[in-house]
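Protein chains: 4
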Amino acid sequence: MNFGSDNCSGVHPAVMAALMAANEGYVASYGGDALTAAAEDRVREVLDAPEASVLFVATGTAANAICLGGAVNGWDRIFCHEDAHIETSECGAPELFTGGAKLTLMPGDGGLIDPDALDRAAGFWAGEGLGGSRPGAISLTNTTEWGRIWTAEMLAEISAIGKQHQLLLHMDGARFANAVAGSDAEPASVTHRAGVDLLSFGGTKNGAMGVEAIVAFNPELAARLDYIRKRSGHLLSKHRFLSAQFYALMEGGLWLELARHANDMAGLLAQQLDAVEGAHLAQPADANQVFAVIPVDAEDRARSAGAVFHKWASLGEETEDMVTVRFVCGWNTTEEDVSDLVEALRG
Amino acid sequence: MNFGSDNCSGVHPAVMAALMAANEGYVASYGGDALTAAAEDRVREVLDAPEASVLFVATGTAANAICLGGAVNGWDRIFCHEDAHIETSECGAPELFTGGAKLTLMPGDGGLIDPDALDRAAGFWAGEGLGGSRPGAISLTNTTEWGRIWTAEMLAEISAIGKQHQLLLHMDGARFANAVAGSDAEPASVTHRAGVDLLSFGGTKNGAMGVEAIVAFNPELAARLDYIRKRSGHLLSKHRFLSAQFYALMEGGLWLELARHANDMAGLLAQQLDAVEGAHLAQPADANQVFAVIPVDAEDRARSAGAVFHKWASLGEETEDMVTVRFVCGWNTTEEDVSDLVEALRG
Amino acid sequence: MNFGSDNCSGVHPAVMAALMAANEGYVASYGGDALTAAAEDRVREVLDAPEASVLFVATGTAANAICLGGAVNGWDRIFCHEDAHIETSECGAPELFTGGAKLTLMPGDGGLIDPDALDRAAGFWAGEGLGGSRPGAISLTNTTEWGRIWTAEMLAEISAIGKQHQLLLHMDGARFANAVAGSDAEPASVTHRAGVDLLSFGGTKNGAMGVEAIVAFNPELAARLDYIRKRSGHLLSKHRFLSAQFYALMEGGLWLELARHANDMAGLLAQQLDAVEGAHLAQPADANQVFAVIPVDAEDRARSAGAVFHKWASLGEETEDMVTVRFVCGWNTTEEDVSDLVEALRG
Amino acid sequence: MNFGSDNCSGVHPAVMAALMAANEGYVASYGGDALTAAAEDRVREVLDAPEASVLFVATGTAANAICLGGAVNGWDRIFCHEDAHIETSECGAPELFTGGAKLTLMPGDGGLIDPDALDRAAGFWAGEGLGGSRPGAISLTNTTEWGRIWTAEMLAEISAIGKQHQLLLHMDGARFANAVAGSDAEPASVTHRAGVDLLSFGGTKNGAMGVEAIVAFNPELAARLDYIRKRSGHLLSKHRFLSAQFYALMEGGLWLELARHANDMAGLLAQQLDAVEGAHLAQPADANQVFAVIPVDAEDRARSAGAVFHKWASLGEETEDMVTVRFVCGWNTTEEDVSDLVEALRG
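Protein chains in written order, with my numbering: chain A, 5 to 351; chain B, 5 to 351; chain C, 5 to 351; chain D, 5 to 351.
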């Protein structure tokens, strides 16, 4: 009953098999191998983006920070949600990779940036001149840090505001697969066709060992990204083992299959939480994460039964008796895990 | 016949098996798992350094840059060899991670920093005051970029100079295993007992998929390293898969066994090069790399036969007819590979 | 009738005379001259801080950014007010000088950081671990960006919270003179005796040509500050001309005399605004700045009459008919200027 | 008898008068005043560069570092002489402002970069790929750190090499006036017409209090420079006092008059050194600096007589009895100073 995070899970057998298969003989290092080229091609196909640049790295923080370093300079502002991973959980990686750009924090329900607030903030800072730092980019997370999905329509709205203020648009897609699976959207329609310039396309949380694809739909950014990946130490020498993982995920739509399963398990859990007295969802469970406000007693019971999950920053609904928690479902969560958890919560 | 680099090789079966074995169930992410603790312990044992901090990362550039970021500030100078990997091959990673420290390039035969030159340079810059940047650290590579080994005696001399000038001492040990195997030294005697403060302990080139251990013998540096690893995106979430690799290398002395084999193959090659007319070694083949000056004809013959290897920056012995080349032997190089190469060179 | 900013004013005659007097013969450059030593001593005397380090620079942004660069690392958080100059008006200077530290924005009336919010935020981020960046420092502005004064009591409260969370305390004192004059406090009692570690002590806005003193009460920080000043290009070669300005301000208490005058003019203006129909103060006019909500008609009349002043970010009291404005009084503002302005506003 | 540096001199009376004249009434801050616009225009006229962007700052290190920050990214290499001020005397300012670009040190007599060495180095690093960092810019100093002048022909040669390798060309002109005066060149012919993209045009060493003009002949760089000046704290608020200085220097050709005088005094000194037994010039005295190898006895005599000057890094001609020294002449050096010095050296 581990609902702590999708990065507490292991590696999907198909990915592991791909790693073993890639371990044959000598190949060129640093991404000069055929498997890397093939994996990049697969990403371009999946995203229907034949001109895109694709770079693989081992962590989501690296993917985000390299994207942002490519997008802006140190005198720019990046608009993101106040709960964005790049603000709360990356120890200043965006600042390191951009040379000190500012993250300007936006409100918005469920981690979804409020479009009006963004429009006002971008306009305000543009008017502040040199001293105010230049509005440079938007970074949004899909699915969000509260498990919500950006639809093509929502993205179009944000993107239009961004274009009006000359902002590049980055999507932190550590759980992009869950967003696509959860909305049944075409990958292209929620990325470049919706105005996304740069995508961090996550693999690690979706059954890989450690791989994320940086995708630059805007080819002018590609050279910068190459240099930034190299100088930040994120160009792996035995690169075939990154590529093998992503290739395996793309192959036969495995990435969507795994994400759909995780989403389904979260949907099941969300539904069964009705049976836990006093519990209610903090946010709609759009994808593979369930945020719930539950009685402290229920929390205690579940932990005593061995369930692993995190308390989460409050949404203002907490009292002495109630607590906000997060349950994450992964590619390997089972229906039994879900029912065991619910049973434990119910006592 | 691939002598291009030890990172063109694949992963040793024992490491691959360890990755598979580590893929069981749920564990805490970001290094909070038991296997990580065990692997760190094994590194401390091997180095006889019970107080050392150990941090695993996926690339050698990351290991070096994080070490240097922990050691110095942006207003410092780092003294390194003019052919040091951190200067020639990391795209400014040390500068990024240190906030702009300067690499001051030292001469020295075979990549071994000349002690007198170092002493003079450190003294000179210390005398230049604020403007000259503060002498802060030495970074040396073992084995060097020209395949040479720093012995305990040589290290003691460099370290004494460093202490006199209040310089921290970093060792880029991307091929540390080859240095230890090649000198039959105790690991401790060529690291902390010789005055080394920070070690990049390489695994990738020695049969791993992608793992290096950062070792801080000076515990005051540990907190800085933790933060720098995190904010540079080098704390892997499914961290057990880094730890598993290093654990497997340490287990039963596999790391030394593999390095010894690679060194033996290089020794064999160095010896057989005598039979290639006109060829001679550019440097003694102390470990697993052979640098040779060979006739251009021989080079052409070997390439035609399918041998893979790199031309190397000249040592000043090149003419129209002669070229300097590098042959790297790895854990999987065979005697047959060596004899095939020599045969091809001889024509 | 220029109430635009105290940096639109010229230089006080005594400062200009000091510059001319300093222009005699040859002296050592880069601060090695006797006048610099004397000026540093005067600052230490005025602050009753015999052990403090004093460094002169030409701009307030430099003073703030060098202080913060000395105080924290790139993986730290600096807590400041959401309207702090370092956030709104310095184009990311703190981020550049610290290597990318985060500014975490605090609410609080009148630019005064809310102590409870600070306590919660520091505690929250300390609990977030590596990813959350380390709480490192507080930066507050005295007088604040809304013209308010931090009293010794208020500082003691903030400082106690800071110590509890191991935060260094920086004071942006671009208008420190106005704060001291406005509260009749001893300079020491609102700086080091109240827990301030680093002070940006402004001269430019108070009659100088361009000089600020960085004061490090914590001597461990001094070496870092020296290097940061040098490498940011803020160590002036003909340094005597910075020192002469600050010496002249300190001499005979000129700095307080000028600040008191500016404060008095602001007090007069605040009082006379009663006579402007519909106008009211947005904040108490503690020092030399008056923030007022005035009818748009009054604004138009004043501008037509040639008055110079800035609209200010809204306090939420704006309507179509009302606007928030800032009037700044300087060392050279006259009673006539004030009455002319009020007359123009009244129409 | 102060020959220590031209920044030990005071301010020329005309500059001081201009500062007093500028101290009238209220003007817009941060460069929005009429005098700033006029001073910028005068620089454009003097350089015959009507499209150039001009930004004033208070120090030479700021001018150089802002130029380089505008020219390159952190993953670039800047080629400069091994004795370049940006390498030896700015505490890593270029690295801070560029985000960690590398300075690659070139040999060359008298501080003049050897063109062949530059060509080879730029070609070599371009061939090293990502890891080697990208060749991005050349920075040369005119007059050089050894008092030599770059002629239009020499600049054309360097510039042609630079263009071939796609390098921007920056000129550190802390003593640009001395270079122009010493070569009787048109300012345009040794800057933009010779391929210079960015100029640090010095005023401080040439009679000002503290002002340098950054000139961007390449207008695409201007926006970057504006932001970098601001965020490094180098946009002075009472900006008219920078502009007044530069305007006064430009007015009536004062800058060239002062430089010509300093050069003449250096010429006189160089000539009279013939009379000092055992002394000889280390470099031709092209402009206002005289580098000489003199007997230690002569040095001792001169210092006993109160002469101020610096020992200089050896040119390899030093022995126990001989020492290399630098004598700098300024706008206020007199013939009597020169003859007093020579007399003291002779004993």
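All C-beta atoms, glycine included, are put in the ideal place defined by N, C-alpha and C. Computed from a predicted structure; not experimentally measured.
Please state whether DSSP places residue i in a helix, a strand or coil.
i                   : result
lysine 242/B        : coil
serine 57/B         : strand
phenylalanine 101/B : helix
glutamine 287/C     : coil
glutamine 293/A     : strand
aspartate 123/D     : helix
leucine 72/D        : helix
Closest by CA to residue i, which one among the options?
i                : options                                : result
threonine 148/C  : Leu349/C, Gly112/C, Val215/C           : Gly112/C
serine 204/A     : Glu161/A, Glu347/A, Asp176/A, Val215/A : Asp176/A
cysteine 71/B    : Lys234/B, Asp278/B, Leu246/B, Val15/B  : Lys234/B
aspartate 87/A   : Gly334/A, Glu340/A, Ala317/A           : Ala317/A
serine 247/A     : Gly14/A, Val19/A, Pro98/A              : Val19/A
methionine 5/D   : Glu322/D, Glu99/D, Leu109/D, Phe313/D  : Phe313/D
glutamate 99/B   : Thr195/B, Val297/B, Ala69/B, Thr92/B   : Ala69/B
asparagine 182/B : Thr155/B, Ala283/B, Met213/B, Thr63/B  : Thr155/B
By Cβ distance below 6 angstroms, which residues in the same chain neighbour residue i in space, the five residues on each side in sequence not counted?
i                : result
leucine 260/A    : Ala185
alanine 226/C    : Ser57, Ala220
threonine 66/D   : It is worth fixing the name first, because residue 66/D is alanine in this sequence and not threonine. Within the same chain, alanine 66/D has close Cβ partners His238.
threonine 337/A  : Met269
isoleucine 142/D : Phe83, Gly166, Leu171, Leu173
Can the beta-carbon of residue i be found less than 8 angstroms from the beta-carbon of residue j?
i                  : j                   : result
phenylalanine 83/C : alanine 22/C        : no
leucine 202/A      : histidine 243/A     : no
asparagine 292/D   : valine 332/D        : yes
glutamate 347/D    : valine 329/D        : no
isoleucine 165/A   : aspartate 290/A     : no
leucine 349/B      : valine 280/B        : yes
serine 236/C       : phenylalanine 101/C : yes
histidine 206/C    : glutamate 216/C     : Inspection of the sequence shows that residue 206/C is occupied by glycine rather than by histidine. Contact flag set, yes.
proline 54/D       : arginine 48/D       : yes
leucine 116/D      : isoleucine 90/D     : no
aspartate 341/D    : proline 299/D       : no
leucine 285/D      : glutamate 339/D     : no
threonine 63/A     : leucine 240/B       : yes
Ordered along the chain, which non-local residues of its own chain (more than five positions away) have a Cβ less than 8 angstroms from that of residue i?
i                   : result
glycine 140/D       : Ala75, Val76, Asn77, Asp80, Arg81, Ile82, Ala105, Leu171, Leu172
glycine 351/B       : Asp301, Ala302, Arg305
phenylalanine 368/C : Here chain C has residues from 5 to 351 only, and residue 368/C is not among them.
Grab me the residues of residue i's own chain with a C-beta within less than 7 angstroms of its C-beta, minus the 5 sequence neighbours each way, in chain order.
i                : result
alanine 130/D    : Pro139, His169
asparagine 11/A  : Thr208, Lys209
alanine 252/D    : Ala18, Val19, Ala22, Leu258
aspartate 120/A  : none
isoleucine 232/D : Ile70, Gly73, Gly74, Phe101
Which chain A residues sit within Cβ distance under 7 angstroms of residue i?
i          : result
serine 9/B : Ser33
Quick one: which chain C residues come within Cβ less than 7 angstroms of residue i?
i             : result
leucine 240/D : Ala62, Thr63, Gly214
lysine 234/B  : Leu134, Gly135
Chain A partners of residue i, CB-CB under 9 angstroms?
i             : result
cysteine 71/C : Within chain A, no residue comes near cysteine 71/C; the closest Cβ sits about 16 angstroms away, beyond 9 angstroms.
Could you list which residues in chain D have their beta carbon closer than 8 angstroms to that of residue i, in chain order?
i               : result
tryptophan 79/A : Tyr231, Ile232, Lys234, Arg235
Anything in chain B within Cβ reach of residue i, meaning under 7 angstroms, just list it in chain order.
i              : result
leucine 100/A  : Arg235, Ser236
glutamate 94/D : Gly135
Who are the neighbours of residue i on chain D, taking C-beta pairs under 9 angstroms?
i             : result
alanine 105/B : Gly96, Glu99, Gly104
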